[in-house]
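**Student:** Have a look at the structure that comes next, please.
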Amino acid sequence: MPNFKAKIIKELTLPFEKDGVSFLFKAENTNITLIFTQVLEQSFFLQIKKEKNTFIIKTDKHSKPSKIGYLQKALKVFKENFCEGILNEAFGLKNNALVEQTPLIVKDFEELLVRLEKEEKIYIEIGFGSGRHLLFKAKQNPEILMLGVEIYTPALTQVAKLAKAHNLNNILLVQSDARLLLSVLKTKSIEKIFLHFPVPWEDKPHRRVISEAFCKECARVLRGEFELRTDSFEYFDFTLKEFLIFSKPQFLLKKNENLEISSKYEDRWKKQEKDIYDLIVWGLDMPEQNQGEEKFDFANLYLNANQIKAFWQRFEKKSIKSKDYFLSFRNLYESEKGFILKCAFGAFNAPSHAYILLGKKTKFLFKNPLKTQENLKALEELKHKIEQFS
Ligand SMILES: C[S@@+](CC[C@H](N)C(=O)[O-])C[C@H]1O[C@@H](n2cnc3c(N)ncnc32)[C@H](O)[C@@H]1O
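Counting in the working numbering, the sequence shown tops out at residue 446, every number present.
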C-alpha cells in the first residue's frame, strides 16, 4: 500500500486544491487524522498516524479509491504541500497510473455491480475450476456475459489468461464465496446459474453451496433456471429436496447425459465409471422478503454532540454478535461536518466497513454498503442503538 513517513506535518489549512487533488476537511481522534480527499469522481480518506517522532501518511484501507493512481497523486500533493523531513517513501507515480485497465477479473462487488449494469443477459458459473465449461459457454454465446465465481484465486488468473488467449470478452470473473455473491445481485437479473461438480461435503453439509438460503437467493435473482451437475447422488438428492421448499418448482432430472463439453472433474469421474446426475430447476416463486430492494435509511436520526459522546462512551470499541451478523464500533472522529463513526458489520465471513456521518443528516460518508441480509440487519441494529441516545 503506498505510503510515506514525515517528521513534520505543517498546519492543515483546508480546503486545499492543487493539480486536480482536493483536501476538503479533516476528521480527528487522539491517534489519527483523516483527510477527506477528492480526485476527480472519487473521494477517500488519507490517514495520518503519529508514531513516536514521525508521522506515517497512507490511505485509509476502507475508503481507498479503486484507482491506485488517484491515491499516489493525492499522497504526492499532500507530501509536497504539507510535509517536511520526508523519511521514506513507498509510492511511485507512473505515467499510466491514472489509466484504468479493464481486466476480466473484478476487484470487488461494487465494481462488479457497475460492470453488470450494462449487461442484458448474464449466466453465472459457480466454482468453475479449470474453466472448460465456462469458456465453452462464453464462446458458444457471445451475446451472453458469463460471470464466473470461484473461491480459489489461481483458478481466476488461469481462466482469465485462457479467455484472453481465445479473445473472449464476454467473461467476467470474481473471487468470492458464491453464497455471498448471490446476495448482492439485483433481483431477477440472471438468466441461468450453473453449479457443476461442487465439492459434495458429505460429512459437513453446512459447507455446501446449496442450502435453503441459497435456493431462496436463486429464486430472487433468477429469471431462468438453475443447473446442478454432479457425480454425488447424495448431493443431487439433497439439492432436489432443498428446492422443494418452493410451492411449484419444476424439475428436469437426467442421468449420464453427455454434454458438448466435459469438465476436468467430469473426465475424472467418467474414468472411474461413476454416474453423473443433472438437476435443472425453474419456476421458483419469489421469497417473501425481497431483500435486494430494501434501503438503508437513517432518516430522522439526529444526535447532538453530548448525545454522541454518551453513545460513544457506551459503545467505544464494543462489538455486538448475533447468530448471523455482527456490528462493531471501531472509532469516532470529530470534524467540522459533525462526528464520524467508523463501524464494521455484516456477515462474519464478509465484513463491511463504513464511515457514518452523525450530523444533522446522518448518512454514509462514502458509498452505501451492499444490501445483503446481514448488512441490513446489522445496520438496523445500529439505528436502534443510536436512537436510544436521541
Ligand atoms: C470439484 S471442483 C469442480 C470444478 C469445475 N466445476 C469442474 O467441473 O471441473 C469445485 C470448485 O468449486 C470451487 N468452490 C468451492 N466452494 C465454492 C464456493 N462456496 N463458492 C465458489 N466456488 C467454490 C472450488 O474452489 C473448486 O474449484
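Positions of the beta carbon are idealized from the N, C-alpha and C atoms, including for glycine.
Looking at the structure shown, is G348 part of a helix, part of a strand, or coil, going by DSSP?
**Tutor:** Confidence is the limiting factor: at G348 the pLDDT is only 45, short of 50, which leaves the residue's position unreliable and the question unanswerable from this model.
**Student:** Does the count of Cβ pairs from the segment 174-191 and the segment 201-212 closer than 8 Å reach three?
**Tutor:** Because the criterion of three Cβ pairs below 8 Å is met, the segment 174-191 and the segment 201-212 touch.
**Student:** In angstroms with no decimal places, state the Cα-to-Cα distance between V230 and E175.
**Tutor:** Distance between the alpha carbons of V230 and E175 is about 16 Å.
**Student:** Taking 8 Å as the cut-off, is the CB of S288 close to at least one heavy atom of ligand 1?
**Tutor:** The answer is no for S288.
**Student:** Determine whether the beta carbon atoms of D116 and F100 lie at a separation below 9 Å.
**Tutor:** Yes, these two residues count as a Cβ contact at 9 Å.
**Student:** Our contact map puts N223 next to L201 with C-beta atoms below 8 Å; I'd like the distance itself, whole angstroms only.
**Tutor:** Wrong, their Cβ atoms sit about 15 Å apart, outside the cutoff.
**Student:** Using only Cβ atoms and a threshold of 6 Å, which residues come within that distance of a heavy atom of ligand 1? Order them by chain position.
**Tutor:** Matched residues: I182, G183, F184, G185, S186, V205, E206, I207, Y208, A211, D233, A234, R235, H252, F253, P254, V255, V265, S319, K320, Y321 and E322.
**Student:** What are the boundary residues of the alpha helix (DSSP H) that includes D239?
**Tutor:** Sequence check: residue 239 is Ser here, not Asp. A234 to V240 is the span of the alpha helix (DSSP H), which, as asked, contains S239.
**Student:** In chain order, which beta strand (DSSP E) runs of at least 3 residues are fully inside the segment 406-432?
**Tutor:** The qualifying runs are 406-414.
**Student:** Which one or two residues does DSSP pair with G185 in a beta bridge?
**Tutor:** Paired residue(s): none; G185 is not in a bridge.
**Student:** Going by the DSSP bridge assignment, what does G141 pair with across the sheet?
**Tutor:** DSSP lists no partner for G141.
**Student:** By the DSSP assignment, the beta strand (DSSP E) with F307 in it spans what residues?
**Tutor:** Taken as a continuous stretch (DSSP letters only), the beta strand (DSSP E) holding F307 covers Q306 to K311.
**Student:** Could you tell me the alpha carbon to alpha carbon distance between I317 and R324, rounded to whole angstroms?
**Tutor:** Near 14 Å, if we compare the C-alpha coordinates of R324 and I317.
**Student:** Taking only the alpha-carbon atoms, compute the straight-line gap between L438 and S408 and give it to the nearest angstrom.
**Tutor:** Looking at the two C-alpha atoms, the distance is approximately 14 Å.
**Student:** On the CB-based measure, 16 or more other CB atoms within 10 Å of its CB, does I249 come out buried or exposed?
**Tutor:** So I249 counts as buried.
**Student:** How long is the line joining the alpha carbons of A361 and L300, rounded to whole angstroms?
**Tutor:** About 53 Å.
**Student:** How big is the Cα-Cα spacing for L131 and K106?
**Tutor:** Each residue's alpha carbon lies about 16 Å from the other.
**Student:** Determine the direct distance from the alpha carbon of K272 to that of K441, and round the result to whole angstroms.
**Tutor:** Roughly 30 Å separates the two Cα atoms.
**Student:** Which residue comes first and which comes last in the beta strand (DSSP E) that contains Q103?
**Tutor:** Here the beta strand (DSSP E) through Q103 covers Q98 to E107.
**Student:** Rounded to whole angstroms, what is the Cα-Cα separation between Y381 and Y389?
**Tutor:** Straight-line Cα distance between these residues: approximately 25 Å.
**Student:** My parser needs the beta strand (DSSP E) runs of 3 or more residues fully inside the segment 203-281; what are they?
**Tutor:** Segments of the beta strand (DSSP E) lying fully in the segment 203-281: 227-231 and 246-252.
**Student:** Would you identify the three-state DSSP class for Y321, choosing helix, strand or coil?
**Tutor:** Three-state DSSP puts Y321 in a helix.
**Student:** Tell whether a beta-carbon distance below 9 Å holds between A406 and R386.
**Tutor:** No, they are not a contact pair.
**Student:** May I ask you to verify whether the segment 282-289 touches the segment 334-343, counting CB pairs closer than 8 Å and requiring at least 3?
**Tutor:** Contact holds: three or more Cβ-Cβ distances are below 8 Å.
**Student:** Going by beta carbon distance, what residues of the same chain come within less than 7 Å of F253, once the five residues before and after it are set aside?
**Tutor:** Taken in chain order, the residues that qualify are R285, T286, D287, S319, Y321 and E322.
**Student:** How many angstroms separate the CA atom of A269 from the CA atom of K114?
**Tutor:** Answer to the nearest angstrom: the Cα atoms are 40 Å apart.
**Student:** Could you spell out the range, first to last residue, of the alpha helix (DSSP H) harbouring D293?
**Tutor:** Residues F289 to F299.
**Student:** Taking I364 as part of the alpha helix (DSSP H), name the residues at either end of that continuous run.
**Tutor:** Note, I364: alpha helix (DSSP H), A361 to F371.
**Student:** Over what stretch of residues does the beta strand (DSSP E) that includes E84 continue unbroken?
**Tutor:** Note, E84: beta strand (DSSP E), V77 to E84.
**Student:** Please report the straight-line C-alpha distance between F111 and Q103, rounded to a whole angstrom.
**Tutor:** Spanning the two alpha carbons is a distance of roughly 10 Å.
**Student:** Compute the beta-carbon to beta-carbon distance between A403 and L236, rounded to the nearest angstrom, for a pair I have assumed lies under 8 Å.
**Tutor:** Indeed they touch by this definition, with Cβ atoms about 7 Å apart.
**Student:** Let me confirm a value: L435 is counted as buried when at least 16 other C-beta atoms fall within 10 Å, else exposed. Which label applies?
**Tutor:** With 16 or more other Cβ atoms within 10 Å, it is buried.
**Student:** Can you check DSSP and say which residues form a bridge with E67?
**Tutor:** Per DSSP, none; premise fails for E67.
**Student:** Since S446 and Y333 are thought to touch, with beta carbons under 8 Å apart, how far apart are those beta carbons, to the nearest angstrom?
**Tutor:** Contact doesn't hold; Cβ gap of about 57 Å is too wide.
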